[in-house]
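Listed in order, the protein sequences are those of chains E and G. Position one of the first sequence corresponds to residue 105 (the numbering used here), numbered consecutively onward. Position one of the second sequence corresponds to residue 23 (the numbering used here), numbered consecutively onward. Ideal placement from N, C-alpha and C gives every residue a C-beta, glycine not left out. Nothing here was measured: the structure is a model prediction, and the numbers come from that model. Everything below concerns the one structure shown next.
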Amino acid sequence: MGRALDDVVVIDLSRRFFTSLSAAFLGDFGARVIRIDAPEGAAQASGGRWNHEADLIHRNKESVALDLRCERGQEIMRKLLMRADVVITDWQLDQLTALGLGYEAVAALRPDVVYGRISGFGPQGTDLHLPAIDELAAARTGMMPILPQPGEPPVYTGSGAMHATVMLAFGVVTALVHRGLTGEGQQVDVSLFGANMYGAALDIQAFLAIGKGERFLNPISRLDVSNPMSGSLYPTADGRWVTLTMPDTDRWWPAFSGAVGIPPDEPRFDTHDKRTETNRLALIAALEQAFLTKPGKHWREAFQRLQLSADVIERFDYPTSDPQVLENRYIVELDHPSFGRVKSLGFPLFMSESAARLDRLAPCIGQHTGRVLADLLGYDADRIHELTAAGVVA
Amino acid sequence: MTKKALDGIRVIDLTVWFQGPVAAQYLADFGADVIKVERPQGGDQGRGVRSIKALPVGDWNQYFLVINRNKKSIAIDLKKPEGQKILYRMVEKSDVFLSNLAPEMLAAWNLSYEKLSAINPRLIYATNTGYGRFGGASKPSFDMTVQALTGIMARLGEPGQPPIYLGMGSGDAYGGIMSALGIALALYQRQRTGKGQSLDASLYGAQLFLAAPYLQAYLAGNEDSALQHSRKKAPNPLWNLYPSTEKWVFVCEPNDDARFSALCRALGAQALSADPRFAGAALRAANHEALIAALEVLTAKRSHVDLMKAFLTHGIVASPVNNLADVIRDEQAWRNGYFMKAYCEEVQREVDIRGLPITLSKTPGAVHSLGPQLGQDTELLLLELLGYEWDEIEALKATGAIP
């Protein structure tokens, strides 16, 4: 079967999880992704255990081990870049420039290259050189203080970096679409700062529009939520939590009130205004009592039966064994040559004519050096042998 | 007008609320001609967010207007066969059909992939289901109730605290960008094959990747990664949150001797640097609780401004933990176009909006208008794009297929 990016060669110069995963998504959908590794960087210590991280973020990739510190290594790098449709990187600008791997240098070799980079804080401004560390970006984004309950420390979620992963892939493929029509390449920049802002879209946009409000600046107790039936959390009899998202309460109240044992015509709660304004705190207290009477399992069954927009908050064990997840290949089972049957994160996208692939797990450092030099640069075995003996490649 | 990456791509945007609209917003920002299809009565439910009071809105409807920017709006009653015929004519002239309505509803309106791709085999048919195309799960799917299933909420926060939601719209935003990625991939593939396809980015599938590093570790047998962890027990005390007299600060340094010495110097704590319990990375990791407690005593006495000054002097990588009032003034965000100004018809003035988080150097995105009024382009599109005559339009109005 053909795949979307079958004719695309990607040079992967990434070091961080979120950028490497972005290149892996391109590989999942057909791109030939070639990682450039330092020859001595071999064997990430996995202590004899499965290197689950590498097998996610470097799946479907090839590895070329190349010494970029020597001129001959740099020359091979330049030749590879001439064959690259896409470069993916998260290196610091000064590192890239020093090695002749910045956008201008690469575009001089390959004018139509699509050059994608995850930065810390964007391509402009005084902070453009700050490192691409997600914690720094998240701390600047304004959401960390208001995620927990009042009095608790700020919360770092890690989700901003995962936004950056997908944003970069989208930006790169969009640039490829443009290149397909016009022949023009370009730079694509996604910063962890920008990605974190979009991971928390609504609160930031609301504050931009309103410009004030203590409820945007301080955590809101779960017992003081604006709408008792939306964005709320309640504990159940067995210590598990339920969460509700029924913002338009008029629509849900008839079925929901029955489930929690409140008469639908209970006069304190019989209009949306009473539920979300005048008697808001009373409703929160009533729901707190109601949910404590039964275990999580009971509530899930009731929510499912009544088709309510509510669920029980789960831990990772739930998606790991959820048939829905496996059926859609969001998590896949694979045969690992050393560790047997293992489960790994799969593919978040279904495409009818470009099924996501898992052709190979993470490569060993330099596993494909010979093949890539032969395929892309036309080097013969003698030449590759000589380069290997000279320590230029491995 | 400058050229854009997706110039010439027409998108039928039959979406409501947040995930679907935001996916189409990314396409519209980069130049696609996005036509939002809405029911004549009330349109997209996202227009009514003010009355729901699920979130503060302000004097202009920022919830709806920002994610539906750069779009046109056509009002069609798709329950009526006459309305469906209008949509079929749009399909002939479009590249992408995007919907986050339930697949059963689309089928009931004769808008299945089979039906629409028969009209236009080049059509890219994108859905945002709640739980995926396969497996048969059938229940309502909103951002937070789906996030609840992924396990990410349960692992955040201090032990014993309630689970933590990543923020309003966090899951929808992720499903939205995932969907935009799928559509871009399909557009690229179509340049080569000439054929469309169907694709799906579900809220559940996308959100499972929000915690990818931790979920993958869990799958490899690290059960601890599913659980809440205290910052008082962070494995590397040099990579952790510390309180000050005002804001918290996030220190991001590797656990090595040189960085530890520098941190101690910045905090004026030479004694700590000489403490045998913390001599070497292994001991610092082993005695992490004691070290965190000791560092916290020092940071808690000083303001974050004072701490950051000392960190800068000693080359310590750190950031204050800002709040939303700080971020909307953050020059770096404005400079990079992450925030922008746009004219808002509703209040007849410039307003501040989320801008463009993806920077394309030669074909940058742009915001030329905020979200459309319901059905504002209906007649014009029928006349100019779809080739209807006035008397046909009058007849359609008589049936109620358009308002």
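Nearest residue (CA-CA) to residue i, options the options
i	options	result
residue 412 of chain E	E:426, E:468, E:333	E:333
residue 367 of chain G	G:185, G:313, G:391	G:391
residue 117 of chain G	G:267, G:205, G:64, G:260	G:205
residue 112 of chain E	E:283, E:316, E:474, E:227	E:283
residue 225 of chain G	G:280, G:162, G:282, G:246	G:162
residue 196 of chain G	G:168, G:232, G:122	G:232
residue 480 of chain E	E:136, E:363, E:236	E:136
residue 122 of chain G	G:151, G:220, G:275	G:151
residue 178 of chain E	E:337, E:162, E:203	E:203
residue 285 of chain E	G:237, G:422, G:26	G:26
residue 310 of chain E	G:29, G:65, G:153, G:72	G:72
residue 279 of chain E	G:415, G:389, G:384, G:397	G:384
residue 105 of chain E	E:260, E:420, E:458	E:458
residue 449 of chain E	E:346, E:420, E:436	E:436
residue 423 of chain E	E:410, E:402, E:400, E:447	E:447
Cross-chain neighbours of residue i in chain G, by beta carbon under 8 angstroms
i	result
residue 237 of chain E	274, 339
residue 478 of chain E	Within chain G, no residue comes near residue 478 of chain E; the closest Cβ sits about 25 angstroms away, beyond 8 angstroms.
residue 447 of chain E	241
Classification of residue i by the beta-carbon crowding that lies within 10 angstroms, buried from 16 upward
i	result
residue 206 of chain E	buried
residue 351 of chain G	exposed
residue 365 of chain G	exposed
residue 484 of chain E	exposed
residue 249 of chain G	exposed
residue 331 of chain E	buried
residue 207 of chain G	buried
residue 439 of chain G	With chain G running from 23 to 425 in the structure shown, residue 439 of chain G is simply not present.
residue 200 of chain E	buried
residue 181 of chain G	exposed
residue 327 of chain G	exposed
residue 55 of chain G	buried
residue 89 of chain E	For residue 89 of chain E there is no data in the structure shown, the boundaries of chain E being 105 and 498.
residue 286 of chain G	buried
Chain G contact residues for residue i, given Cβ-Cβ distances below 7 angstroms
i	result
residue 345 of chain E	184, 185
residue 425 of chain E	Neighbours of residue 425 of chain E on chain G: none; closest Cβ ~11 angstroms, over 7 angstroms.
residue 154 of chain E	242
residue 214 of chain E	None at all; the shortest Cβ gap to chain G is about 15 angstroms.
Chain-ordered chain E contacts of residue i [CB-CB under 9 angstroms]
i	result
residue 375 of chain G	309, 312, 313
residue 358 of chain G	225, 226, 227, 228, 229, 232, 293, 295, 297, 298
residue 382 of chain G	275, 278, 279, 282, 290, 291, 292, 293
Chain G contact residues for residue i, given Cβ-Cβ distances below 9 angstroms
i	result
residue 209 of chain E	Within chain G, no residue comes near residue 209 of chain E; the closest Cβ sits about 15 angstroms away, beyond 9 angstroms.
residue 435 of chain E	230, 237, 241
residue 383 of chain E	Ordered by position in chain G, no residue passes the 9 angstroms Cβ test against residue 383 of chain E, which lies about 13 angstroms from the chain.
residue 249 of chain E	269, 270, 343, 344, 345, 346
Proximal chain E residues relative to residue i, where beta-carbon distance stays under 7 angstroms
i	result
residue 175 of chain G	417
residue 353 of chain G	229
residue 88 of chain G	309
Closer than 8 angstroms at the beta carbon, the chain E residues around residue i
i	result
residue 200 of chain G	270, 452, 453
residue 106 of chain G	Within 8 angstroms Cβ-Cβ: nothing; residue 106 of chain G doesn't reach chain E, min ~23 angstroms.
residue 85 of chain G	306, 309, 310
residue 180 of chain G	252, 256, 257
residue 196 of chain G	263, 266, 267, 270, 303
C-beta contact flag for residue i and residue j at 9 angstroms
i	j	result
residue 395 of chain E	residue 340 of chain E	yes
residue 100 of chain G	residue 42 of chain G	no
residue 227 of chain G	residue 200 of chain G	yes
residue 97 of chain G	residue 425 of chain G	yes
residue 168 of chain G	residue 307 of chain E	no
residue 128 of chain G	residue 59 of chain G	no
residue 462 of chain E	residue 158 of chain E	no
residue 246 of chain E	residue 304 of chain E	yes
residue 295 of chain E	residue 224 of chain E	yes
residue 381 of chain G	residue 292 of chain E	yes
Check: residue i C-beta below 8 angstroms from any heavy atom of the ligand PLP
i	result
residue 109 of chain G	No copy of the ligand PLP occurs in the structure displayed, which carries no ligand at all.
- [ ] Evaluate contact between the segment 194-211 of chain G and the segment 414-431 of chain E, counting only Cβ atoms and requiring at least three cross-stretch pairs below 8 angstroms.
- [x] no
- [ ] Take every Cβ of the segment 255-273 of chain E, pair it with every Cβ of the segment 293-302 of chain E, and state whether three or more of those distances are shorter than 8 angstroms.
- [x] yes
TODO: Say whether the segment 314-327 of chain G touches the segment 265-275 of chain G, bearing in mind that this needs 3 or more beta-carbon pairs closer than 8 angstroms, one atom from each stretch.
DONE: yes
Open item on the list: Does the segment 241-249 of chain E come into contact with the segment 202-218 of chain E, if we say contact requires no fewer than three beta-carbon pairs (one atom in each stretch) closer than 8 angstroms?
Closed with: no
TODO: Answer yes if the segment 166-183 of chain E comes into contact with the segment 464-478 of chain E, meaning at least three C-beta pairs across the two stretches below 8 angstroms, and no otherwise.
DONE: yes
- [ ] Determine, using beta-carbon pairs with one atom in the segment 79-90 of chain G and one in the segment 368-376 of chain G, whether at least three such pairs fall under 8 angstroms.
- [x] yes
Open item on the list: For the structure I just gave you, are there three or more beta carbon pairs, one from the segment 135-145 of chain G and one from the segment 318-327 of chain E, closer than 8 angstroms?
Closed with: no
- [ ] State whether the segment 267-276 of chain G contacts the segment 436-451 of chain E, with contact taken as three or more CB pairs (one from each stretch) at a distance under 8 angstroms.
- [x] no
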